[in-house]
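Numbering (this note's numbering), first residue to last: 592 to 738. Everything below concerns the one structure shown next.
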Amino acid sequence: MIQYGCVPPINKLTMKDCNQCGKCCIKYGGGDLAATKEEIDLWEIFNPEIFKFVKNNEIWFDPTSSSKLKMCPFLEVVPQKNVLDSNMYTCSIYLDRPEDCRHYPSLIAEMIRDECEMIEVIDLENSKKAQIKLDFLMIDSRPPSGS
Ligand code: SF4
Ligand code: SF4
Numbered sequence: 592m593i594q595y596g597c598v599p600p601i602n603k604l605t606m607k608d609c610n611q612c613g614k615c616c617i618k619y620g621g622g623d624l625a626a627t628k629e630e631i632d633l634w635e636i637f638n639p640e641i642f643k644f645v646k647n648n649e650i651w652f653d654p655t656s657s658s659k660l661k662m663c664p665f666l667e668v669v670p671q672k673n674v675l676d677s678n679m680y681t682c683s684i685y686l687d688r689p690e691d692c693r694h695y696p697s698l699i700a701e702m703i704r705d706e707c708e709m710i711e712v713i714d715l716e717n718s719k720k721a722q723i724k725l726d727f728l729m730i731d732s733r734p735p736s737g738s
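Encoded structure:
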């Protein structure tokens, strides 16, 4: 989800850079994210500000009420200069975000379903080729799909 600087400037690839529209984080950040035991253990030691939103090895819970949150607590709106501009979002724990987040987007079908704004019309016409492009663009964040 929300990718900063992970996409190399390869002009021959038509898929767009992530524009931080936030759709993926808004959709999955409330209840459909998981973190590994290893991630949670590391947060407990090094990132108590993240760990306090974990309960019984699940994310994300209100540290005060212990109730499940409907939105990711680390999703923030970027202040816009022009009030007419669409909202842009940022992740306040970007370098320590869960693997689930680092691996998104992983599948073209998922991007289409989620209306991810990285996708181009040409990607819809040849999803196999688009998947190869996507795997290349995400090379620093995750292994290729199907591997
Ligand atoms: S942790 Fe960051 S990348 Fe993951 S859902 Fe929250 S804001 Fe998005
Ligand atoms: S839905 Fe796509 S374009 Fe929007 S923030 Fe997520 S990865 Fe970026």
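In this text, a Cβ means the ideal position worked out from N, Cα and C, and glycines have one as well.
Alpha-carbon to alpha-carbon, residue 653 and residue 640: 12 Å
Residue 633 versus residue 647: straight-line alpha-carbon distance, rounded: 15 Å
Close Cβ partners of residue 696 (< 6 Å) along its chain, the five nearest in sequence each way excluded: 702 and 707
Residue 702 (DSSP reduced to helix, strand or coil): helix
Euclidean distance between Cα positions of residue 619 and residue 636: 26 Å
Beta carbon of residue 664 nearer than 8 Å to that of residue 644: yes
Runs of alpha helix (DSSP H) wholly within the segment 614-650 (minimum 4 residues, chain order): 614-619, 628-637 and 639-642
As assigned by DSSP and simplified to three states, the class of residue 692: helix
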